[in-house]
Amino acid sequence: MKLTGRVRVVGGGGLGYGLSSHYDCNVYALDCGNGEYALIDAGSGIEPELLLCRLEEDGIAPERVTRLLLTHGHADHAGGAGAIRERLGVEVVAAEKTAPMVELGDEVRTSLAEARASGTYPPWYRLQPCRIDRTVAAGDKITAGDLSLQVIAASGHSFDMVCYYCPELKALFSADAVFAGGKLAVIRTPDFSMDAYRQTITGLSKLEVEQLFPGHGYAVTERGGEDVAAAHRRFREGVAPLSIV
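Pasting the structure below:
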């Protein structure tokens with residue numbers, strides 16, 4: 007589904023666009039301007055064929071998808087990486103802290119074991135390991151055709167999360183850092199930190215954001231910086247953050 011001239015959403019579950027598995031985060035396809043596309047996040051890996059169907063519906067041939075960028079290791083974002091790598095032959099990119107968890111299918115450090123025990127995921131669901139082809143760190147820049155993506159540290163919701171910011175589009179792929187309406191994703195897992203979250207939002211508020219593409223809910227295609235500012239304002243005023251969960 008086309009969101010802007012360069013961004014489509016091809017996946018999203020119960021907390022998003024309802025395009026793929028209920029357990030999926032939003033999965034975005036970024037038109038790199040050279041006939042190739044990059045995917046932002048991979049969904050859960052439950053019914054990955056639904057993502058492939060959405061790509062086809064949007065007229066994106068599988069061979070045009072050349073890269074998958076993961077934002078963090080939580081299962082709804084990274085669980086589908088192995089299936090996408092197998093089916094599309096993409097280069098898989100992840101942050102330095104995310105990579106080993108995804109490669110090992112580490113269900114403890116990604117908090118999947120705890121989430122599954124609480125009923126967030128089906129009892130049969132397991133995290134499929136996936137080889138990471140390239141690791142990145144905060145401050146790195148990824149060239150994507152005629153666009154660039156800056157890697158921004160974004161811990162808080164998880165200890166390993168990064169966002170990707172495209173200055174040419176003034177677009178922020180914010181993962182689970184900030185959502186429409188200035189909401190956050192406040193959870194009770196060992197890798198959550200409100201102090202780190204506060205620092206992340208402070209940093210993101212300094213970016214020039216027009217388009218906001220969060221990991222759940224709906225994208226904001228105009229004046230997305232206002233939503234980031236709203237989250238920042240609540241922290242500054244000492245008001246409890248709004249949460250999508």
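Converting from the sequence shown to our numbering requires adding 6 to each position, the first position being numbered 1. C-beta atoms are modelled at their ideal positions from N, C-alpha and C, and glycine is treated no differently.
key: Proximity winner among D197, L36, V71, E42, relative to G79 (alpha-carbon distances)   = With distances taken between CA atoms, G79 lies nearest to D197 out of D197, L36, V71, E42.
inquiry  = Does G18 pass the burial test, meaning 16 or more other C-beta atoms within 10 Å, or should it be called exposed?
reply    = The residue is buried, with at least 16 neighbouring Cβ atoms inside 10 Å.
query = Quick one: any contact between the region 154-168 and the region 66-86, if contact means 3 or more CB pairs under 8 Å?
reply = Judged by Cβ distances under 8 Å, the region 154-168 makes contact with the region 66-86, as three or more pairs qualify.
message = Out of R70, R137, K189, G24, which one is the CA nearest neighbour of I250?
response = When each option's Cα is compared against that of I250, the closest is K189.
ask   = Do Y29 and the ligand GTP come close, with the Cβ less than 6 Å from some heavy atom?
value = Among the ligands in the structure shown, none appear at all, so the ligand GTP cannot be discussed.
message = On the DSSP bridge list, what partners appear for D37?
response = Y43, per the DSSP bridge assignment.
inquiry  = In whole angstroms, give me the CA-to-CA distance for E97 and E243.
reply    = Rounded to the nearest whole angstrom, the C-alpha separation of E97 and E243 is 42 Å.
request  = Measure the Cβ-Cβ separation of R14 and D47 and say whether it is below 7 Å.
outcome  = A distance of 7 Å or more separates the beta carbons of R14 and D47.
key: Validate contact between the region 175-192 and the region 230-237 using beta carbons, cut 8 Å, 3 pairs   = The region 175-192 is in contact with the region 230-237.
message = Under DSSP, the beta strand (DSSP E) around I158 begins and ends at which residues?
response = Start and end: 153-159.
request  = Reducing DSSP to helix, strand and coil, say where C31 ends up.
outcome  = Coil.
query = Which word fits T208, buried or exposed, when buried means at least 16 other C-beta atoms lie within 10 angstroms of its C-beta?
reply = With fewer than 16 other Cβ atoms within 10 Å, it is exposed.
inquiry  = Going by the DSSP bridge assignment, what does A101 pair with across the sheet?
reply    = In the DSSP assignment, A101 is bridged to V142.
Segments assigned alpha helix (DSSP H), at least 4 residues, entirely inside the region 65-100 = Runs found: 81-84, 87-94.
ask   = Which residues does DSSP pair with L190 in a beta bridge?
value = Beta-bridge analysis with DSSP links L190 to S249.
ask   = Hey, would you say A202 sits closer than 7 Å to G162, going by beta carbons?
value = In contact: A202 and G162 (Cβ atoms closer than 7 Å).
Three-state secondary structure assigned by DSSP to V16 = In the structure shown, V16 falls within a strand segment according to DSSP collapsed to helix, strand and coil.
ask   = Bridge partners of L178, per DSSP?
value = Within the DSSP secondary-structure output, L178 pairs in a beta bridge with Y171, L218.
key: Nearest to H238 (by Cα), restricted to the options G49, R204, T227, E216   = Taking only the C-alpha atoms, the option nearest H238 is R204.
message = Given a cut-off of 7 Å on the beta-carbon distance, is the pair A84 and V108 in contact?
response = A84 places its beta carbon less than 7 Å from that of V108.
key: Same chain only: Cβ atoms within 6 Å of D139, ignoring 5 sequence neighbours per side   = Within the same chain, D139 has close Cβ partners E97, V98.
ask   = Span of the alpha helix (DSSP H) holding T149?
value = Run containing T149: none in the alpha helix (DSSP H); it sits in the beta strand (DSSP E), 147-150.
request  = Grab me the residues of V159's own chain with a C-beta within less than 7 Å of its C-beta, minus the 5 sequence neighbours each way, in chain order.
outcome  = Per the sequence shown, residue 159 should be read as Ala rather than Val. Non-local beta-carbon contacts of A159 in its own chain, meaning distances under 7 Å to residues more than five positions away in sequence, involve A144, V168 in chain order.
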